[in-house]
Amino acid sequence: MSKRVIFSALLTLGLMLPAASALAVPPTQLAMAHHDTTMKNKELVLGFYKDILNGKKLEQMKDYFTEDVVDHDPMMGDMVGFAKVSESMTDFLKGFPDLKVDVLRSAAEGDLVFVHIRMQGTNTGAMMGMPATGKKIDVNAIDIIRIKDGKCAEHWMEMNSVAMMQQLGLMQGH
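Residue 1 is where the sequence shown starts when you use our numbering, and the numbers rise one by one after that.
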């Protein structure tokens, strides 16, 4: 074997060592860790629906949101910070004290959790500066929540706001 062949083999091996050390954690362990994090994120969000929206345990909101949480509300605009988001949520729950949220479907991928919900309740309390209507709502919505450091950091909601306003008698139907 020539010195050139030996040198080439050693050089190739030397170039491969850093790549091999990067794989020190087997891919299956990486996939399992990713799966575990994804499942914890989903459990966090489902716990929020159970404890806060259905259980009305508002004192536990800090357990679910980061201090710099952002809520992208299609009706109210972006709300930034725990204080604003918790105030808005408290106001909504005062407006619908009997609110019931059913999780119809949920999925998670990485730091995102996707939830299809059905919200039902009666508007018996004032909210957003409007008096109670005494009317019931029954609307579906899609929530997308980004998780950071084990808490909800960002939220997007899509729902048929027109249907909700019509059900509350605040807007005429066609």
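Even glycine gets a Cβ: it sits at the ideal position worked out from N, Cα and C.
In the DSSP assignment, find the unbroken beta strand (DSSP E) run with Lys-100 in it and report its ends. 100-109
Counting along the chain, where does the alpha helix (DSSP H) carrying Glu-87 start and finish? 82-95
In angstroms, rounded to a whole number, what distance separates the CA positions of Asp-68 and Leu-168? 32 Å
Taking the C-alpha atoms as reference points, what is the distance between Ile-142 and Lys-100? 15 Å
Only counting the same chain, and skipping five residues up and downstream in sequence, which positions put a Cβ closer than 6 Å to that of His-155? Asp-71 and Ile-145
Residue burial classification, Met-16 (beta-carbon count within 10 angstroms, cutoff 16): Annotation note: pLDDT 49 at Met-16 (below 50); position unreliable, coordinate value reported separately. With fewer than 16 other Cβ atoms within 10 Å, it is exposed.
Range covered by the alpha helix (DSSP H) that runs through Ala-163: From DSSP, the alpha helix (DSSP H) with Ala-163 extends over 161-167.
Among Gly-110, Leu-53 and Glu-59, which has the Cα closest to the Cα of Asp-98? Leu-53
Which class does Lys-57 belong to by DSSP, given the choice of helix, strand or coil? coil
I need the boundaries of the beta strand (DSSP E) containing Ala-141, first residue and last residue. In the DSSP assignment, Ala-141 falls within the unbroken beta strand (DSSP E) covering 136-148.
Label Thr-28 either buried or exposed according to how many other C-beta atoms from any shown protein chain fall within 10 Å of its C-beta, with 16 as the threshold for buried. exposed
Separation of Glu-87 from Met-171, as counted between CA atoms: 25 Å
Neighbourhood of Ala-9 by C-beta distance below 7 Å, restricted to the same chain and skipping five residues each side: Residue placement at Ala-9 is flagged as unreliable, the pLDDT there being 49, under the threshold of 50; a coordinate-derived value is accordingly withheld.
Taking the beta carbon of Asp-55 as the centre, do at least 16 other beta carbons fall within 10 Å, making it buried, or is it exposed? A quick correction: the sequence has Gly, not Asp, at residue 55. By the C-beta density criterion, Gly-55 is exposed, having fewer than 16 other C-beta atoms within 10 angstroms.
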